Structures are given as structure tokens and as C-alpha cells.
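Under this note's numbering, the residue at position 7 of the sequence shown is numbered 308, and the numbers go up by one with no gaps. Note that beta-carbon positions come from the ideal geometry of N, C-alpha and C, so glycine has one too. This one's a predicted model, so the numbers in the text were calculated from it and none came from an experiment.
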Amino acid sequence: MTDLRLIGFSLVLMSVVGLTVTQIVIKSRLGVHGAVPLAPGDLFRYGLAVVQDWKLVGGLVLLVVAALCWYAGVSRIPLSVAFPVAALSYPLIFAASILFLGEPFKWTSLWGNALIVAGVLLVARG
302 MTDLRLIGFS LVLMSVVGLT VTQIVIKSRL GVHGAVPLAP GDLFRYGLAV VQDWKLVGGL
362 VLLVVAALCW YAGVSRIPLS VAFPVAALSY PLIFAASILF LGEPFKWTSL WGNALIVAGV
422 LLVARG
């Protein structure tokens, strides 16, 4: 693997990890703030509470960093390689949601995520 491709691949993987952590942080903080309201007045008050939550703000900052890593990564490797690698967020979020959020384990989800990983490995080899 050339240096440029290795750097691009690494940046895309960093983006996937950043996205995964962000999703877990956001979901965990929804347990504190509740569901996002849809009424404009309620949404504004909800937004004010959310921007005072340093964990959520940190998650959003990490989301921006993950996006920058993604942009830097896809500028170095083909999108047809990068995008399947981005699918690794599914199994990572599946595992993290069980470990950190206490969500239920399902065998069908495990097998589906294993197929995603197998597909990513096939694309990465090519």
C-alpha cells in the first residue's frame, strides 16, 4: 500500500471511530435531555439546554473532526474504497451500543454486522 493510500485509509478509519463515538455520546445524552421536540418554541428551549451540555458539545466537535478526517481521507483514496470502510461504523455502533448503552444483543444483528465486516475486508483487499 502506498503511503498516500495508507494515510487516506487511516484518516477514513479515524473518521469512522469519531462518528461512532459521537453517536454513542449523542444517544447517551438523549437519556438526559429527552427526545428532541418538534414544536418550534420547545425546540428552541431544548437547543439552549443542549448547548450547555459539555458532553454533547464535545460530541459535536468530534463530529466536525471526523468530517475533516473524512474529507482528508477521500482526497487520498478512491471513494469506492472509502465508502465501504465507512460502513464499519455499523458494527462499531452495534458493539458500543450494547457495551455502553445497555442495548439488547441480537444474534441476527451480529450476523448482519459480521457480513458488513466481511464485505469491507473484500473491498479493502481489492
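Residue i versus residue j - alpha carbon distance
{"i": "Asp354", "j": "Phe395", "result": "25 angstroms"}
{"i": "Leu357", "j": "Ser376", "result": "29 angstroms"}
{"i": "Val421", "j": "Val382", "result": "9 angstroms"}
{"i": "Arg346", "j": "Ala368", "result": "27 angstroms"}
Test item: CB-CB of residue i and residue j under 8 angstroms
{"i": "Val322", "j": "Leu363", "result": "yes"}
{"i": "Ala387", "j": "Val317", "result": "yes"}
{"i": "His334", "j": "Val352", "result": "no"}
{"i": "Lys328", "j": "Leu400", "result": "no"}
{"i": "Ile378", "j": "Gly309", "result": "yes"}
{"i": "Gly348", "j": "Val326", "result": "no"}
Any chain C beta carbon closer than 8 angstroms to residue i
{"i": "Gly309", "result": "Structure shown: chain C not included; a single protein chain is present."}
Own chain partners of residue i with C-beta closer than 8 angstroms, once the 5 adjacent residues on each side are dropped
{"i": "Leu393", "result": "Val317, Val318, Thr321"}
{"i": "Ile417", "result": "Ala388, Leu389, Tyr391, Pro392"}
{"i": "Ser398", "result": "Ile325, Lys328, Glu404"}
Cutoff 7 angstroms; reference residue i; Cβ partners in own chain excluding five residues on either side
{"i": "Ser410", "result": "Phe395"}
{"i": "Arg330", "result": "Asp354, Lys356, Leu357"}
Cβ separation of residue i and residue j, assumed to be a contact under 8 angstroms, to the nearest whole Å
{"i": "Cys370", "j": "Leu312", "result": "5 angstroms"}
Which runs of the alpha helix (DSSP H) fall wholly inside the segment 365 to 427 and span at least 4 residues, in chain order?
380 to 387, 390 to 402, 408 to 426
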